[in-house]
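Asks:
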Amino acid sequence: MQNQDQEIYFVTIVGLILGLLLVGFIVTALYLYQRRQRRQELEVERLKDMYEKEALRSQLEIQEDTFKTIAQELHDNIGQMLSVVKLTLSIVPVEKEHVAYEQIQSSQQLLNKAIFDLSNLTKGLHTDRIAQIGLAESIRFELYALKKAGILQVQFSLDGTEIELNEQKSIFLFRIFQESLNNILKHSKATTLVVHLSFSEELFTMEITDNGVGFDVAAKRGSANSYSGVGLKSVFNRAKLIGADLSIDSSPSKGTTIWIELPLEKE
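If you want it as structure tokens, here you go:
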């Protein structure tokens with residue numbers, strides 16, 4: 041009887057151990073399966089994100105090449121034709137007393153403005169200029185042209201010493217500024233624009249503020265980190281590609297502020 045009890049006890053213990061081992065095996069197998077599945081999901085997300093970034097990068101590179109081609113064509117063809125017309129008008133033998141004299145003078149003034157505006161346009165489109173004079177000076181030049189045209193009152197400030205960024209980051213930041221400026225001119229009805237740049241050893245920031253009509257940021261945001269409107273999508277896409285954080289603070293009748301923060305890596 042005692043031997044039988046011992047056998048039952050032994051079988052029970054062995055059964056419990058085997059049961060625990062089986063449960064442990066199942067739990068471990070489920071854990072490993074879920075971990076492997078999660079790794080696969082993360083890898084799929086990583087590859088998808090990488091593919092989207094590469095596709096977007098290629099699209100923006102093509103866009104930059106197109107801008108450069110357009111700028112060159114405008115300079116070489118339209119710019120030269122305007123200069124020839126200006127020269128032709130300047131040598132037309134017309135006396136000051138003649139009725140056509142004032143018309144020629146007026147036409148020359150219009151041509152001068154057209155040549156000046158065309159020059160500003162081509163400089164804004166051409167990426168080589170950004171690389172030559174730097175991001176801050178490129179932005180300052182755009183604001184100067186805007187101020188001279190009397191479209192907006194502008195204020196520009198720079199904190200710290202400008203740190204030379206790589207070409208892609210400089211171009212993308214400049215395009216973000218241009219797109220923001222374009223949105224302001226098209227939609228904000230602003231009268232004042234304030235642009236502040238700041239360089240430190242670890243961080244670059246750009247702040248663009250207008251006193252326009254503003255908008256409901258939440259209404260523009262379709263889903264997480266996704267905004268409606270080509271302009272907003274463009275600035276967010278460019279910021280994402282260079283690892284910059286971009287945020288917008290706006291509300292109806294209270295203007296808009298755009299912040300861009302770019303961590304600076306020691307290259």
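All letters in the sequence shown, in the order written, are residues 41 to 307 by the working numbering. We treat Cβ as the ideally placed atom computed from N, Cα and C, and that holds for glycine.
1) Alpha carbons only, please: which of L150, L192, G174, T231 is nearest the one belonging to T201?
2) Mark I203 as exposed unless 16 or more other C-beta atoms lie within 10 angstroms of its C-beta, in which case mark it buried.
3) Give the single residue among V125, T167, A230 whose Cα lies nearest to the Cα of Q145.
4) Identify which residue in L213, P292, V63 has its Cα closest to the Cα of T170.
5) For the pair the stretch 245 to 258 and the stretch 288 to 304, tell me if three or more CB-CB distances fall below 8 Å.
6) Give me the Cα-Cα distance between L56 and L62, rounded to the nearest whole angstrom.
7) Taking just the CA atoms, how far does F217 sit from A264?
8) Using three-state DSSP, classify A264 as helix, strand or coil.
9) How is D157 classed by DSSP in three states: helix, strand or coil?
10) Whole angstroms are fine: how far does the CA of Y184 sit from the CA of Q193?
11) Over what stretch of residues does the beta strand (DSSP E) that includes F255 continue unbroken?
12) Once the 5 residues before and after K294 are set aside, which same chain residues still bring their CB inside 8 Å of it?
13) Use the C-beta contact count for I298: other C-beta atoms within 10 angstroms, 16 or more gives buried, fewer gives exposed.
14) Please name the residue in E207, A154, S178 whose C-alpha comes closest to that of A189.
15) Taking the alpha carbon of S130 as the point to measure from, which residue in Q148, T232, L122 has its own alpha carbon closest?
16) If you reduce the DSSP assignment to three classes, tell me which class V132 lands in.
17) According to the neighbour-count rule (16 or more other Cβ atoms, all chains shown, within 10 Å of its Cβ), is A284 buried or exposed?
18) Give the straight-line distance between the Cα atoms of S123 and V132, rounded to the nearest whole angstrom.
19) Out of E81, V54, L302, F65, which one is the CA nearest neighbour of Q208?
20) Would you report the Cα separation of K280 and L243, rounded to the nearest angstrom?
21) Quick check on DSSP: helix, strand or coil for S147?
22) Compare the C-alpha of K229 against each of N251, F239, E219 and name the closest.
23) Between the C-alpha atoms of E182 and D199, what's the straight-line distance to the nearest angstrom?
24) What is the rounded straight-line gap between the Cα of Q80 and the Cα of A69?
25) If we ignore side chains and look at the alpha-carbon of each, how far apart do T167 and S159 end up?
26) When DSSP labels each residue in this structure, what does T68 get in the three-state scheme?
27) Does the distance from the CB of L237 to the CB of E247 come in under 9 Å?
Replies: In brief:
1) Here residue 201 is taken as the residue at index 161 of the sequence shown, counted from 1. Among L150, L192, G174, T231, the Cα nearest to that of T201 belongs to G174.
2) Residue numbering aside, residue 203 sits at position 163 when the sequence shown is read from its first letter. Per the 10 Å Cβ criterion, exposed.
3) As a first step, residue 145 must be located in the sequence shown, where it is residue number 105. Ranking the options by Cα distance to Q145, first place goes to V125.
4) The residue labelled residue 170 in the question sits at position 130 within the sequence shown. Note that residue 170 corresponds to Ile in the displayed sequence, not to Thr. Ranking the options by Cα distance to I170, first place goes to L213.
5) The stretch 245 to 258 makes contact with the stretch 288 to 304: 3 or more CB pairs, one atom from each, lie closer than 8 Å.
6) Position 16 of the sequence shown, counted from the start, is the residue given in the question as residue 56. Position 22 of the sequence shown, counted from the start, is the residue given in the question as residue 62. Each residue's alpha carbon lies about 10 Å from the other.
7) Residue 264 sits at position 224 when you count from the first residue of the sequence shown. Residue 217 sits at position 177 when you count from the first residue of the sequence shown. Residue confidence for A264 is low, a pLDDT of 44 falling below 50, so the modelled location carries little weight and cannot support an answer.
8) What you label residue 264 is simply residue 224 of the sequence shown in a count that begins at 1. Annotation note: pLDDT 44 at A264 (below 50); position unreliable, coordinate value reported separately. Three-state DSSP puts A264 in coil, outside helix and strand.
9) Here residue 157 is taken as the residue at index 117 of the sequence shown, counted from 1. Here D157 sits in helix by DSSP.
10) Stepping through the sequence shown from its first residue, residue 193 is reached at position 153. Stepping through the sequence shown from its first residue, residue 184 is reached at position 144. Going from the Cα of Q193 to the Cα of Y184 covers about 10 Å.
11) Taking the first residue of the sequence shown as position 1, residue 255 is located at position 215. No beta strand (DSSP E) holds F255; DSSP gives it neither H nor E.
12) In the sequence shown, residue 294 corresponds to position 254, counting from 1. Scanning its chain for C-beta atoms nearer than 8 Å, with the 5 sequence neighbours on each side dropped, one finds around K294 the residues G254, in chain order.
13) What you label residue 298 is simply residue 258 of the sequence shown in a count that begins at 1. So I298 ends up on the buried side.
14) Within the sequence shown, the letter at position 149 stands for residue 189. Measuring from the Cα of A189, the nearest candidate turns out to be A154.
15) Here the question's residue 130 lines up with position 90 in the sequence shown. For the residues Q148, T232, L122, the minimum Cα distance to S130 belongs to Q148.
16) Taking the sequence shown and counting its residues from 1, the one referred to as residue 132 is at position 92. Correct three-state label for V132: coil.
17) By one-based count along the sequence shown, residue 284 stands at place 244. The residue is buried, with at least 16 neighbouring Cβ atoms inside 10 Å.
18) Along the sequence shown, read from residue 1 onward, the residue named residue 123 stands at position 83. Along the sequence shown, read from residue 1 onward, the residue named residue 132 stands at position 92. Cα to Cα, S123 sits roughly 15 Å from V132.
19) As a position in the sequence shown, residue 208 is number 168, starting the count at 1. Selected option, being the one with the closest Cα: L302.
20) By 1-based counting over the sequence shown, the position of residue 280 is 240. By 1-based counting over the sequence shown, the position of residue 243 is 203. Their backbone Cα atoms lie some 16 Å apart in a straight line.
21) Reading the sequence shown from its first residue, position 107 is the one you call residue 147. Helix.
22) Here residue 229 corresponds to residue number 189 of the sequence shown, with the count starting at 1. Comparing Cα-Cα distances from K229 to each of N251, F239, E219, the minimum goes to N251.
23) Working through the sequence shown from its first residue, we reach residue 182 at position 142. Working through the sequence shown from its first residue, we reach residue 199 at position 159. Using only the alpha carbons, I get a separation of about 19 Å.
24) Counted from its first residue, the sequence shown places residue 80 at position 40. Counted from its first residue, the sequence shown places residue 69 at position 29. The straight-line gap from Cα to Cα measures roughly 16 Å.
25) One-based indexing of the sequence shown puts residue 167 at position 127. One-based indexing of the sequence shown puts residue 159 at position 119. So the alpha carbons of these two residues sit roughly 14 Å apart.
26) Mapped onto the sequence shown, residue 68 falls at position 28. Helix.
27) On the sequence shown, position 197 is the one that residue 237 refers to. On the sequence shown, position 207 is the one that residue 247 refers to. Yes. Within cutoff.
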